[in-house]
Every structure is written in C-alpha cells, then in structure tokens.
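This report refers to the structure that appears directly beneath it.
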Amino acid sequence: MSPPTCCRTLLARGPSAEVARCSCGHIHLSLGPMTIRLDADTLHATWHTMGDALRALSGMAEKEAAPVTPSSEWKQ
78 MSPPTCCRTL
88 LARGPSAEVA
98 RCSCGHIHLS
108 LGPMTIRLDA
118 DTLHATWHTM
128 GDALRALSGM
138 AEKEAAPVTP
148 SSEWKQ
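Next comes the structure, spelled out in structure tokens:
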C-alpha cells in the first residue's frame, strides 16, 4: 500500500516567491529554486523578522550599515 500523497494549495505568488499550504499542514515557502518547509507559527515568526529587516534597511537609506552583533538566539 502506498502512503497518501499530499496536495498543495497556493496561498500567494509573487515575482520572486511562492507560498503554498500542504494538506499535511506544512507551509512551503519557495524562493527561486529553493523551497523551505515550515509550520504556520514559524512562517509567522519569519514574516516578523523579515519586516524588522526591511524597517532597518529603510532606516539606513542615508546611513552606513552598522555591524551586526551576533545573537545567541539564532543558530545556523
């Protein structure tokens, strides 16, 4: 017996990214050739982090970028 296959529903698509929800509950964030599989809470947290980065970038429009201090919270 073969395992059930998942079915994706497209949630959003833009020029550089696509977001789909899988029937198994995962969110698939595709950026070019790369797809990251996340749960909904992680996608939400990532959205806030990206927003913080965009606000920081817009605040640096006329300033030099300040060096980033490594944080112990995020691990690669």
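Numbered per this note's numbering, the sequence shown finishes at 153, counting up by one with no gaps. Quick reminder that beta carbons are idealized off the backbone N, C-alpha and C, glycines included. As the structure is a prediction and not an experimental result, all values here were calculated from the model.
Limits of the alpha helix (DSSP H) - the one that residue i falls within
{"i": "Met-127", "result": "117-136"}
Contact check, residue i vs residue j, beta carbons under 8 Å
{"i": "Leu-87", "j": "Ile-104", "result": "no"}
{"i": "Gly-109", "j": "Ser-135", "result": "no"}
{"i": "Leu-120", "j": "Leu-106", "result": "yes"}
{"i": "Cys-99", "j": "Arg-90", "result": "no"}
Euclidean distance between Cα positions of residue i and residue j
{"i": "Met-137", "j": "Glu-95", "result": "28 Å"}
{"i": "Asp-118", "j": "His-125", "result": "11 Å"}
{"i": "Thr-123", "j": "Ala-133", "result": "15 Å"}
Closest residue to residue i among the options (Cα-Cα distance)
{"i": "Ile-113", "options": "Ala-133, Ala-97 and Cys-101", "result": "Ala-97"}
| field | Whole beta strand (DSSP E) elements within the region 79-106, 3-residue minimum | value | For the region 79-106, whole beta strand (DSSP E) runs of length 3 or above, ordered along the chain, are 85-90 and 94-99.
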